[in-house]
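Report on one structure; see the data block that follows.
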Amino acid sequence: MSTSSATHSKWRQYGPVPLTRCPDCPRPEPLKRRVSRTDENGNLGREFVKCLSKTMVGRDGKILKKCTHFEWMDDYVERIQFEGYIDSSGAAT
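With my numbering as the guide, the letters of the sequence shown map in order to residues 715 to 807.
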């Protein structure tokens, strides 16, 4: 087994998970699911979600700054279970 494969296997890989709106900004787009491509702090292959929104003008004319929301997938799944989006088995409710 290569070192790269061993690194990837240490993180839990999640199946289908509903992607919710960002909890930190008013934009309607769902969070984006990504996989870490760097080995910084041993996180190579670890899944995460983040808000990819960019600076824009809101409906009220105010400038909405770029959102920097980020969650490791483990934390995201725990949060959406707590909020009732999925049950403990990972199935949508």
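Glycine is no exception: its CB is placed at the ideal position from the N, C-alpha and C atoms.
Between residue i and residue j, what straight-line distance do the alpha-carbon atoms span, to the nearest angstrom?
i: K768; j: C781; result: 7 Å
i: M770; j: R793; result: 27 Å
i: D788; j: W725; result: 9 Å
i: Y796; j: G756; result: Checking the sequence, you will find Phe at residue 796 rather than Tyr. So the alpha carbons of these two residues sit roughly 27 Å apart.
Once DSSP output is grouped into helix, strand and coil, what is the label at residue i?
i: R793; result: helix
i: E743; result: coil
For residue i versus residue j, is the C-beta spacing smaller than 8 Å?
i: E754; j: Q727; result: no
i: L766; j: K746; result: yes
i: V763; j: Y790; result: yes
i: P744; j: L758; result: no
Taking 7 Å as the limit between beta carbons, can you name the residues of its chain near residue i, skipping five residues before and five after?
i: D774; result: none
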